[in-house]
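Residue numbers (this note's numbering): 33 to 549.
Backbone N, C-alpha and C define an ideal beta-carbon position, used for all residues, glycine too.
Bear in mind that the values here come from a model prediction, so they are computed numbers and not experimental data.
The block underneath contains the structure these notes are about, expressed in structure tokens.
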Amino acid sequence: MSQFHKNIFALFFGLLSAVIYAKAQPVSRQAAKPVTLTIDLNKTHQTISHFGGSDAWACQFVGNWPDGKRNGIADLLFSSDTLANGQPKGIALSLWRFNIGAGTAEQGAASDIKDEWRRAESFMNADGSYDWNKQAGQVWFLNAAKQRGVNEFLIFPNSPPVQFTVNKKGYANNGKPNLTADNFDRYADFMAEVVSGIQQKTGVTINHISPVNEPQWDWSDAGQEGTPFYNHDIAGIVRSLSGALIKKNLAAKINIAEAGQIDYLTSDFNKKGRGNQVSAFFNETSPDYIGNLPNVTKAISAHSYFTTSPYASAAQKRQDLAKAVKAVPGLQYWMSEYCILGDNAGEIKGNGKDLGIDAALYVAKVIHNDLVNANATAWHWWTSISAYNYKDGLIYIDKNKTGGAYQSSKILWALGNYSRFVRPGAIRVDAEIVDDKSGLLISSYKNANNQLVTVIVNEQQTKADIEIKPKGFKLSKLKIFKTSADADLKPVPANGSSNVVSVEARSVVTIIGEIII
33 MSQFHKNIFA LFFGLLSAVI YAKAQPVSRQ AAKPVTLTID LNKTHQTISH
83 FGGSDAWACQ FVGNWPDGKR NGIADLLFSS DTLANGQPKG IALSLWRFNI
133 GAGTAEQGAA SDIKDEWRRA ESFMNADGSY DWNKQAGQVW FLNAAKQRGV
183 NEFLIFPNSP PVQFTVNKKG YANNGKPNLT ADNFDRYADF MAEVVSGIQQ
233 KTGVTINHIS PVNEPQWDWS DAGQEGTPFY NHDIAGIVRS LSGALIKKNL
283 AAKINIAEAG QIDYLTSDFN KKGRGNQVSA FFNETSPDYI GNLPNVTKAI
333 SAHSYFTTSP YASAAQKRQD LAKAVKAVPG LQYWMSEYCI LGDNAGEIKG
383 NGKDLGIDAA LYVAKVIHND LVNANATAWH WWTSISAYNY KDGLIYIDKN
433 KTGGAYQSSK ILWALGNYSR FVRPGAIRVD AEIVDDKSGL LISSYKNANN
483 QLVTVIVNEQ QTKADIEIKP KGFKLSKLKI FKTSADADLK PVPANGSSNV
533 VSVEARSVVT IIGEIII
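This is the structure:
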């Protein structure tokens, strides 16, 4: 072997020995530092009124399913019980929305609404009399909600009864309001009669009534019941309804105006005379001012549709809305309807059922955005039970009138990360991440029972450790629940006396602790 080759050989073995030695040594890796979360009870925001869902449209059939199945579904939506393994039995919604129909179900095919699951029965008969045995499936769910502890109820029509509408249908023609001013009083009397009739039949107190729904849309395709309205129409209906409720000595409060998207609360957007609704209804100089009526709730409601992506611009829209609402003393904002619609800037499409964590994480981000940036005091899902291939359900069922299978979605449980633990009367408090580059969305709430509830949305592909640093108080008896690809509000062991909580990748986690001052 030449000296050259000897040198190469020695160099090779030297390098090999170095590699072997390096591999044999322990690798020193610095663990990722926990994200520091500071919570300040002295910095407070809005008071939460309720988390809700609606009975449209499946409950008219599912409420007549066999007891085992309908009770199982009701438990998922309303129960506050806990199973033997510590997992919540349901998400404990605190408000239930009852759709009062216009009578398209009685019209059948003549209603022009081809999908019978989107038709709705009316308590009013063709001759103007009332039958309180109608809408029986929905009434069953109303009672089921009350039995499981729900104590806030809202009724809402999508259209006035077909007896009152211009075209005698439950949908409009050519985008024009389907109710004339000379029928406002009749419509108001109908709604007041329904409040009274439901209460007498069931013993359930109706707390709220929302007389119009998404008045900006044309509702002229016969896809479901609905009608557009101008602001002056809404004001006229509300004034009539206020008088009708007072006349019947009913305590139900009126909530307006279920705007089709939040843009209509602060501007005309693309519907002149049907937007700028905060000012239209709550500015004393407006001809449509109704804020002085004794039974109008000091809240303006809208739907989060078409304004949820991308996140940064969605947050800005909500911050602008919060400023407009705050400018009216005492006014609250209710996010009163949402499911995933449209293509959301390419982030997620409404079409196609998704029972998994992807849709749930998207919805959790919307909830966070509405609560933290819009300061919403209420948050309501659209159709609680769905038979469609769409991202519109908390629970999905077979499209079967008399019985079938049902299954929960991850959206249900992600909503439960909020609704189950953030109870009516909870006050949102400051929750800030120091030097945040985590991509986490975190909000905290102080319940009336001196509990602190913190909800963390982690859509990242990596887990994150959170160190909770309470400001001026301590936390004890931590309980943790997570929703993830393989968990539905599953209880997670807390880390002893430590305030460090590990948040799994692509999960929603709720942390509950007792406040010690």
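Residue i: first and last residue of the uninterrupted alpha helix (DSSP H) it sits in
i	result
Ala-333	Rather than Ala, the amino acid found at residue 333 in this sequence is Ser. Segment 328–335 is the beta strand (DSSP E) holding Ser-333; no alpha helix (DSSP H) there.
Met-223	216–234
Glu-138	136–139
Phe-93	91–94
Leu-353	343–358
Val-310	309–314
Ala-446	442–451
Gly-104	99–110
As assigned by DSSP and simplified to three states, the class of residue i
i	result
Phe-188	strand
Leu-472	coil
Glu-546	strand
Val-540	strand
Tyr-422	strand
Val-270	helix
Arg-460	strand
Trp-164	coil
Arg-61	At Arg-61 the pLDDT is 37, less than 50, meaning the model places this residue with poor confidence and gives no usable figure here.
Asn-490	strand
Gln-483	strand
Ile-145	coil
Ser-530	coil
Ala-54	Confidence at Ala-54 is low in this model, with a pLDDT of 37, below 50, so the placement of that residue is unreliable and no value is reported for it.
Thr-434	coil
Thr-558	Nothing about residue 558 can be read from this structure; the chain reaches only from 33 to 549.
Asn-383	strand
Leu-393	helix
Lys-503	strand
Ile-170	Looking at the sequence itself, residue 170 is Gln, so the reference to Ile does not match. Of the three classes helix, strand and coil, the one that applies to Gln-170 here is helix, per DSSP.
Leu-325	coil
Gly-275	helix
Val-535	strand
Ile-399	helix
Minimum C-alpha distance to residue i - residue among the options
i	options	result
Gly-307	Ala-331, Tyr-428, Asn-263	Asn-263
Thr-494	Ile-294, Val-357, Gly-471	Gly-471
Gly-258	Val-236, Phe-188, Val-395, Leu-282	Phe-188
Lys-201	Ala-254, Ala-391, Ala-463	Ala-254
Ser-112	Ile-105, Lys-121, Lys-208, Ile-488	Lys-121
Glu-369	Gln-293, Lys-511, Gly-268	Gln-293
Lys-381	Tyr-422, Thr-197, Asp-352	Tyr-422
Gln-119	Ile-512, Ala-359, Ala-437, Gly-384	Ile-512
Leu-73	Ala-537, Val-524, Gln-483, Asp-300	Gln-483
Lys-178	Ala-106, Asp-99, Ser-252, Asn-315	Ala-106
Glu-138	Lys-146, Ala-152, Ser-126	Ala-152
Leu-125	Asn-183, Gly-100, Asn-405	Asn-183
Trp-284	Tyr-321, Ala-220, Glu-316	Per the sequence shown, the amino acid found at residue 284 is Ala instead of Trp. For the residues Tyr-321, Ala-220, Glu-316, the minimum Cα distance to Ala-284 belongs to Ala-220.
Pro-260	His-240, Thr-79, Gln-492, Gln-248	Gln-248
Gln-231	Asp-265, Leu-174, Glu-316, Thr-317	Leu-174
Ser-333	His-240, Leu-387, Ala-396	His-240
Ser-341	Gly-374, Ser-418, Val-328, Val-227	Gly-374
Arg-538	Tyr-321, Pro-523, Gly-388	Gly-388
Ser-441	Lys-280, Val-532, Cys-371, Lys-355	Cys-371
Where the beta strand (DSSP E) through residue i begins and ends
i	result
Asn-74	67–79
Ser-418	410–418
Lys-509	506–516
Leu-282	Counting along the chain, Leu-282 falls outside any beta strand (DSSP E), and DSSP gives it neither H nor E.
Arg-129	127–131
Gln-364	364–369
Asp-520	519–524
Ser-154	Taken as a continuous stretch (DSSP letters only), Ser-154 belongs to no beta strand (DSSP E), as it is neither H nor E.
Gly-85	82–86
Supposed close pair residue i, residue j - CB separation, criterion 8 Å
i	j	result
Leu-403	Ser-475	6 Å
Asn-490	Val-535	5 Å
Tyr-343	Asn-401	7 Å
Ile-443	Ala-391	6 Å
Thr-76	Ile-459	5 Å
Glu-70	Lys-469	The amino acid at residue 70 is misidentified as Glu; the sequence shows Thr. With 8 Å as the limit, Thr-70 and Lys-469 do not qualify as a contact, their Cβ atoms being about 16 Å apart.
Val-67	Asp-497	7 Å
Thr-415	Asp-424	5 Å
Gly-207	Ser-252	5 Å
inquiry  = Tell me whether the stretch 216–229 and the stretch 263–273 touch, counting them as touching only if at least three CB pairs, one residue from each stretch, are closer than 8 Å.
reply    = yes
ask   = Are there three or more Cβ pairs, one per stretch, closer than 8 Å when the stretch 403–411 is compared with the stretch 357–376?
value = yes
task = Assess, as a yes-or-no matter, whether the stretch 71–91 is touched by the stretch 158–166 under the definition of 3 or more beta carbon pairs within less than 8 Å.
result = no
ask   = Does the stretch 535–543 come within contact of the stretch 497–512, defined as at least 3 CB pairs closer than 8 Å?
value = yes
inquiry  = Measuring CB atoms only, is the stretch 232–251 touching the stretch 286–295, in the sense that at least three cross pairs come out at less than 8 Å?
reply    = yes
query = Should the stretch 174–192 be regarded as contacting the stretch 127–134, the criterion being three or more beta carbon pairs within less than 8 Å?
reply = yes
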